[in-house]
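Once you know that position 270 of the sequence shown is 274 in our numbering, the rest is easy, because the numbers rise by one and skip nothing. By construction, the Cβ of each residue, glycine as well, lies at the ideal position given by its N, Cα and C atoms. Accompanying notes for the structure given below.
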Amino acid sequence: MKLRAVALTLSLLALLLSAGSALAQQPGGTLRIAYTSIQQLDPYKTAANDEINAASLVFDALYVIGKDDFQPVPHLAESWRAIDDTTWEFTLRQGVTFQDDNEVFPAGQGREVTADDVVYSVERFLDVSTAFTLGNIASVEAVDRYTVRITTAEPDPFLIPDSNRLARVYIVPREAVEHFGEEGFARNPIGSGPFKLTSFVPDQSLRFVRNEDYWLPVHLDGVEFVFIPDPTVQLIAVEADEVDVITYVFNIDSVAQVEGTPGLSLHPRGGSYRGLGFNVTTAPFDEFEVRDAISKAVDIDAAVQAVVAPFGIRAYGQVPPWVEFEQDPTLEDLWSFDPDEALAILSEAGFEPGPNGVLQRDGVPLSFTIKTIAGSQVRVLTILVTQLQQLGIDARLQQQDLAVWAEDLQTGNDTGVFFNYSFAGTTGLYALFHSRNHGITNTAFYSNPEADALLDLASRSVDYEERNAAWLEAQRLIMADRAGIPLYFEFGYSIANDRVKDWVVPWGGLNLVTIENNVHLED
5 MKLRAVALTL SLLALLLSAG SALAQQPGGT LRIAYTSIQQ LDPYKTAAND
55 EINAASLVFD ALYVIGKDDF QPVPHLAESW RAIDDTTWEF TLRQGVTFQD
105 DNEVFPAGQG REVTADDVVY SVERFLDVST AFTLGNIASV EAVDRYTVRI
155 TTAEPDPFLI PDSNRLARVY IVPREAVEHF GEEGFARNPI GSGPFKLTSF
205 VPDQSLRFVR NEDYWLPVHL DGVEFVFIPD PTVQLIAVEA DEVDVITYVF
255 NIDSVAQVEG TPGLSLHPRG GSYRGLGFNV TTAPFDEFEV RDAISKAVDI
305 DAAVQAVVAP FGIRAYGQVP PWVEFEQDPT LEDLWSFDPD EALAILSEAG
355 FEPGPNGVLQ RDGVPLSFTI KTIAGSQVRV LTILVTQLQQ LGIDARLQQQ
405 DLAVWAEDLQ TGNDTGVFFN YSFAGTTGLY ALFHSRNHGI TNTAFYSNPE
455 ADALLDLASR SVDYEERNAA WLEAQRLIMA DRAGIPLYFE FGYSIANDRV
505 KDWVVPWGGL NLVTIENNVH LED
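Listed below in structure tokens is the structure:
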């Protein structure tokens with residue numbers, strides 16, 4: 005009897021342990037994500053990663069960039085095909101609905117997403133986007149309820165595969181934009197995505213709850229964005245289990261610190277371009293000689309080696325090593341560290357030491373502030389600023405909030421020299437330096453008709469060899485003009501608690517629920 009009782013007790017205990025283990029592995033929980041700044045949630049009106057990551061939870065795109073090979077993966081669109089070199093046709097998933105139980109769609113009345121919504125969204129994007137371009141779209145039309153046809157004015161090999169083109173168009177309902185207005189919609193987004201917004205106070209609090217009617221199962225109960233503007237404090241927070249994820253590591257030093265830390269994992273993917281930008285319409289940086297002299301006055305190799313290596317590599321152009329274009333080894337010849345030559349060029353341009361040792365011309369000192377945001381680049385730029393000061397160039401560093409920095413760059417507000425980053429996808433060179441993008445992504449306000457023509461040629465060529473050659477020639481012209489100074493390519497990483505399963509590093513959006521992955525927390 006005693007043995008039978010013991011056996012029964014052990015069996016019950018084993019059953020309870022088994023049930024408890026199964027319960028612990030059930031999907032659920034609230035994912036806590038650290039963020040630097042989120043002012044609004046309209047995905048068409050920002051290039052800030054934090055804002056795009058948050059907005060992408062509310063909306064669906066036609067497709068997402070795949071987690072392994074950066075190739076498009078079906079999402080709201082089940083499939084697509086090229087009818088000819090300038091025409092694409094997308095077939096939408098049926099039965100997908102916009103989120104309900106809000107001011108626009110009452111509970112139980114979430115309207116189905118149709119081709120008309122895609123047409124409206126593309127046209128709205130073309131009209132209001134302040135951060136990205138779709139290229140030269142000739143027309144977008146609804147063929148039927150679930151079929152959309154997009155026609156470009158000329159062949160566009162980047163329209164679909166590039167993460168900064170059509171992949172940026174999240175599908176929005178016209179009723180919501182018209183109900184709230186442009187500014188109101190940015191505070192009260194409604195889409196067909198896996199999470200609904202529950203509360204939002206800019207740079208204070210931001211919470212989402214699972215969309216129970218989503219067309220895919222959603223494992224998480226919700227997502228909370230935790231405002232931590234300092235990247236160093238973000239690292240402390242993830243180590244202290246106050247947040248679960250840092251989506252993008254701004255301080256590359258943190259990567260080395262986290263390697264091997266129990267309970268935390270590094271997730272690498274792609275990376276970002278890091279450079280110094282010049283507003284070439286602002287004196288004296290409208291002079292090639294001044295820009296060239298500054299490029300020769302700084303020891304970039306030493307700064308990169310001291311701060312970035314081995315989690316990044318020196319850049320000699322803007323085209324990163326993870327895109328389709330080849331690397332141009334001849335670009336290295338354009339850049340040299342030669343402080344004596346730098347001073348000689350400035351002297352020829354009329355700059356001589358003043359009474360306080362600062363170079364000046366006609367009584368005006370060569371003085372400027374480099375505007376930047378938080379991140380490991382601050383240490384790199386501090387080294388470069390020190391080198392400039394040693395030559396009599398009155399350079400200083402000003403760290404700004406992301407939103408202020410971005411607005412200053414786009415408006416040209418006192419931006420002679422600035423930190424320039426991101427746009428490290430396939431069309432980054434076009435975004436940063438084509439004259440069509442002045443005040444949007446071309447914050448150098450750089451114009452070169454020859455470079456524009458080459459970028460345009462590459463943007464419409466379906467022949468890879470022609471496209472590659474034109475792109476690299478444009479890059480060389482831009483670098484030779486000293487439109488900016490490339491510093492380094494920084495490899496991208498997320499840091500996540502080991503409880504976070506199926507995490508995919510953001511690439512043009514935060515993909516928590518796709519046909520490839522479904523993020524959840526394991527207790």
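In the DSSP assignment, the alpha helix (DSSP H) including residue i goes from what residue to what residue?
| i | result |
| --- | --- |
| A142 | Per DSSP, A142 belongs to no alpha helix (DSSP H); it is in the beta strand (DSSP E), I141 to D148. |
| Q381 | Q381 to Q394 |
| H183 | R178 to R191 |
| L347 | P343 to E352 |
| E454 | P453 to R464 |
| L201 | Taken as a continuous stretch (DSSP letters only), L201 belongs to no alpha helix (DSSP H), being part of the beta strand (DSSP E) at F199 to V205. |
| G264 | From DSSP, G264 is part of no alpha helix (DSSP H); its letter is neither H nor E. |
| S125 | A119 to V132 |
Using the Cα positions of residue i and residue j, report the straight-line distance between them to the nearest angstrom.
| i | j | result |
| --- | --- | --- |
| Q364 | S371 | 9 Å |
| D456 | R480 | 12 Å |
| T445 | G416 | 12 Å |
| V284 | E107 | 47 Å |
| R318 | G32 | 42 Å |
| W507 | S269 | 10 Å |
| P325 | F289 | 29 Å |
| Q98 | R172 | 21 Å |
| A26 | T95 | Unreliable placement is indicated for A26, whose pLDDT of 37 sits below 50; the coordinate value is still reported in the next sentence. For A26 and T95, the distance between alpha carbons rounds to 39 Å. |
| G512 | S340 | 34 Å |
| I387 | T50 | 30 Å |
| D72 | G275 | 14 Å |
| E291 | G358 | 21 Å |
| H79 | R278 | 31 Å |
| Y468 | P453 | 22 Å |
| T90 | V176 | 25 Å |
| H438 | E145 | 28 Å |
| V466 | L210 | 43 Å |
| E158 | Y174 | 23 Å |
| F355 | F189 | 52 Å |
Could you check where the beta strand (DSSP E) with residue i kicks off and where it finishes?
| i | result |
| --- | --- |
| I499 | G488 to N501 |
| T156 | T151 to T156 |
| E82 | A81 to D88 |
| T34 | T34 to Y39 |
| Q403 | D398 to Q403 |
| Y48 | Taken as a continuous stretch (DSSP letters only), Y48 belongs to no beta strand (DSSP E), as it is neither H nor E. |
| P78 | P76 to P78 |
| R440 | It is not in any beta strand (DSSP E) - R440 carries neither H nor E in the DSSP assignment. |
If you count every other CB in all the chains shown that lies within 10 Å of the CB of residue i, and 16 or more means buried, which is it?
| i | result |
| --- | --- |
| I471 | It is worth fixing the name first, because residue 471 is Arg in this sequence and not Ile. R471 is buried by the Cβ-count criterion. |
| V68 | buried |
| L516 | buried |
| G316 | buried |
| Q322 | buried |
| N360 | exposed |
| Q103 | buried |
| V327 | buried |
| Q44 | buried |
| R36 | buried |
| A119 | buried |
| D88 | exposed |
| I519 | exposed |
| R149 | exposed |
| T202 | exposed |
| T265 | exposed |
| E55 | buried |
| E336 | exposed |
| I489 | buried |
| E494 | buried |
Which same chain residues end up closer than 8 Å to residue i when comparing Cβ atoms and leaving out the 5 residues on each side of it in sequence?
| i | result |
| --- | --- |
| T376 | V382, L385, L401, Q402, Q403, Q404, W409, F422 and F423 |
| T431 | F162, D166, N168, R169 and S463 |
| D293 | For clarity, residue 293 is Glu in the given sequence; the question names Asp instead. Cβ neighbours of E293 beyond the five flanking positions: I349, L350, E352 and A353. |
Starting from the C-beta of residue i, find all residues in its chain whose C-beta is less than 7 Å away, skip the five residues before and the five after it, and write them out in chain order.
| i | result |
| --- | --- |
| A301 | P343, A346, Q391, L392, L395 and I397 |
| D332 | G321, L476, Q479 and R480 |
| A435 | N168, F427, N441 and T445 |
| G267 | N501 and D502 |
| H271 | Y497, S498, A500, W507 and V509 |
| Q29 | The predicted model places Q29 with a pLDDT of 43, which falls under 50 and marks its position as unreliable; any figure quoted below should be read in that light. Contacts found: E526. |
| F184 | N192 |
Which same chain residues end up closer than 6 Å to residue i when comparing Cβ atoms and leaving out the 5 residues on each side of it in sequence?
| i | result |
| --- | --- |
| G429 | D166, S167 and N168 |
Taking three-plus beta-carbon pairs below 8 Å as touching, is the segment 189-200 in contact with the segment 161-170? No, they do not touch.
Do the segment 53-60 and the segment 115-124 touch if we need at least three Cβ pairs shorter than 8 Å? No: fewer than three Cβ pairs fall under 8 Å.
At least 3 beta-carbon pairs within less than 8 Å: the segment 79-90 vs the segment 437-452: Output reads no: the segment 437-452 does not touch the segment 79-90.
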